[in-house]
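>
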Amino acid sequence: MSIPQYKICFDIGRGTSRLVEIPTLLMTHGHLDHSSGIPYHVSQRNLRRLPTTQLYVPPELEPPLRKILHLWSEIEDYEIQFDLHPVDYDRTYPLSGNLHFQAVRSVHRVPSNGYTILEKVRKLRDEYKSLPGPEIARLKNIRDDMFYDSVVPHVTFSGDTQIEFVLENEIVRRSKVLFLECTFICDERPVERARQWGHIHLDEIVANAEAFRDVERLFLIHFSPRYRKDRIHSILKKKLPDWLHAKTVPFLT
Ligand SMILES: [Zn+2]
Ligand SMILES: [Zn+2]
Numbered sequence: 003m004s005i006p007q008y009k010i011c012f013d014i015g016r017g018t019s020r021l022v023e024i025p026t027l028l029m030t031h032g033h034l035d036h037s038s039g040i041p042y043h044v045s046q047r048n049l050r051r052l053p054t055t056q057l058y059v060p061p062e063l064e065p066p067l068r069k070i071l072h073l074w075s076e077i078e079d080y081e082i083q084f085d086l087h088p089v090d091y092d093r094t095y096p097l098s099g100n101l102h103f104q105a106v107r108s109v110h111r112v113p114s115n116g117y118t119i120l121e122k123v124r125k126l127r128d129e130y131k132s133l134p135g136p137e138i139a140r141l142k143n144i145r146d147d148m149f150y151d152s153v154v155p156h157v158t159f160s161g162d163t164q165i166e167f168v169l170e171n172e173i174v175r176r177s178k179v180l181f182l183e184c185t186f187i188c189d190e191r192p193v194e195r196a197r198q199w200g201h202i203h204l205d206e207i208v209a210n211a212e213a214f215r216d217v218e219r220l221f222l223i224h225f226s227p228r229y230r231k232d233r234i235h236s237i238l239k240k241k242l243p244d245w246l247h248a249k250t251v252p253f254l255t
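With the sequence shown counted from 1, adding 2 to any position gets you our numbering.
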């Protein structure tokens, strides 16, 4: 899924010429439905003489992916250029202005992580908030403890994960917009089955609804192909509490 204004794409799926303009791929994990388009994307950008693709991946994915891209260079008889970055979970990466992204480790059957787009802001401490503007301006010149650095998470993309990605990461729960995988929704495929495959079941979102209080818009993605669109809509309406259903959008393609 691409966010053109940030020039990034979360995963690349099977690859498509429509996305070749996007220079930065934030990869969540190596399963083929998320990553098989990497060689095509990287190679197409080379051929079109676009800047080298910046690939961010879970650290364990770096060595095998490097091998694949080198092998594909051999196949194409052309040295494919790419910049491959194993993510560091303890840092943020600049996007533009005050915007940065951060990788957040997730729980899946293979090494995986989601990504959060965040804004770094300086905030006035509560004890100074009631002061008039000119007084704040005067004090600013003589005190250096009036402001603190804060992070505003705007968008989080989960990739494939179990519900722990939400429950164990405050930055995910505070995100204004959350793209969250929800592979299973029906009773025939219960929660245990979803967890066995490293996925989320809708029943777990319902059971942990309070974790989504601060999220302003919840996009559910990655539904199992066995579900028809109208069934997804009706099950979401039936199972989600009204307040959560009102801000939930199934992302159907
Ligand atoms: Zn997967
Ligand atoms: Zn998947």
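We put the CB at the ideal spot given by N, CA and C, even for glycine. Keep in mind the model is a prediction, meaning the values are calculated, not measured.
#1: Looking only at C-alpha atoms, which of F214, N143, E166, M148 sits nearest to S132?
#2: What does the Cβ neighbour count give for L52, buried or exposed, with the cut at 16 atoms within 10 Å?
#3: Pull up the distance between the alpha-carbon of S160 and that of V154, whole angstroms please.
#4: For T30, is the classification buried or exposed, using 16 other Cβ atoms within 10 angstroms of its Cβ as the cut-off for buried?
#5: Under 8 Å between the Cβ atoms of C184 and I207?
#6: Please confirm whether any heavy atom of ligand 2 lies closer than 7 Å to the CB of H1.
#7: Is the closest heavy atom of ligand 2 to the C-beta of H33 under 7 Å?
#8: At what residue ranges does the segment 3 to 75 contain a whole run of the beta strand (DSSP E), taking only runs of 3 or more?
#9: Apply the 10 Å Cβ neighbour rule to Y58 and answer buried if 16 or more other Cβ atoms are within range, or exposed otherwise.
#10: Do I14 and H43 count as a contact pair if the criterion is CB distance below 8 Å?
#11: Quick one: give me the first and last residue of the beta strand (DSSP E) that L222 is part of.
#12: Starting from the Cα of G1, find the closest Cα among Y130, F12, Y80 and give me that residue.
#13: Restricting to runs no shorter than 3 residues, where is the beta strand (DSSP E) found entirely within the segment 118 to 194?
#14: Quick check on DSSP: helix, strand or coil for S108?
#15: Considering only DSSP beta bridges, list what S98 is partnered with.
#16: DSSP state of D85, grouped into three classes?
#17: Quick check: what's the CA-CA separation for V89 versus P61?
#18: Going by other Cβ atoms of all chains shown within 10 Å of its Cβ, with 16 needed for buried, is V112 buried or exposed?
#19: Need the endpoints of the alpha helix (DSSP H) that R233 sits in, please.
#20: In terms of alpha-carbon separation, which member of D216, K239, S19 lies closest to H156?
#21: Quickly, what does DSSP pair N115 with across the bridge? List them, please.
#22: On the DSSP bridge list, what partners appear for V251?
#23: Taking Cβ positions, are L180 and L238 nearer each other than 8 Å?
#24: Closer than 7 Å: is that where the CB of H110 sits relative to any heavy atom of ligand 1?
#25: Using CA coordinates, which residue listed in G17, K241, L21 is at the minimum distance from I5?
#26: Assuming contact is defined by CB atoms lying nearer than 8 Å, are R176 and Y150 in contact in what I supplied?
Let me spell this out:
#1: Selected option, being the one with the closest Cα: M148.
#2: Only exposed fits L52, as fewer than 16 other CB atoms lie within 10 angstroms of its CB.
#3: Between the alpha carbons of S160 and V154 lies a distance of about 17 Å.
#4: Flag for T30 reads buried.
#5: Their beta carbons are under 8 Å apart, which means C184 touches I207 by this criterion.
#6: As displayed, the chain neither begins before 3 nor continues past 255, which places residue 1 out of reach and without an answer.
#7: H33: yes, Cβ under 7 Å from ligand 2.
#8: Qualifying beta strand (DSSP E) stretches, in chain order: 10 to 12, 26 to 28, 55 to 59.
#9: Buried, because 16 or more other Cβ atoms sit within 10 Å of the Cβ of Y58.
#10: With respect to I14, H43 sits close: the two C-beta atoms are nearer than 8 Å.
#11: Counted as a single uninterrupted DSSP element, the beta strand (DSSP E) harbouring L222 occupies residues 219 to 223.
#12: In the structure as shown, the chain starts at 3 and stops at 255, and residue 1 therefore has no counterpart that could be examined.
#13: Correct list: 149 to 159, 179 to 183.
#14: Three-state result, S108: coil.
#15: S98 is bridged by DSSP to L101.
#16: Look at D85 here: in three-state DSSP terms it is strand.
#17: Straight-line Cα distance between these residues: approximately 6 Å.
#18: The residue in question, V112, is exposed, as its Cβ has fewer than 16 Cβ neighbours within 10 Å.
#19: For R233, the enclosing alpha helix (DSSP H) has its first and last residue at 231 to 241.
#20: Of the listed residues, the one whose Cα sits closest to H156 is D216.
#21: N115 pairs with R107.
#22: Paired residue(s): F221.
#23: Between L180 and L238, the gap from beta carbon to beta carbon reaches 8 Å or more.
#24: Under cutoff, so the answer is yes.
#25: Among G17, K241, L21, the Cα nearest to that of I5 is on L21.
#26: No; because the gap between Cβ atoms is not below 8 Å, this pair is not in contact.
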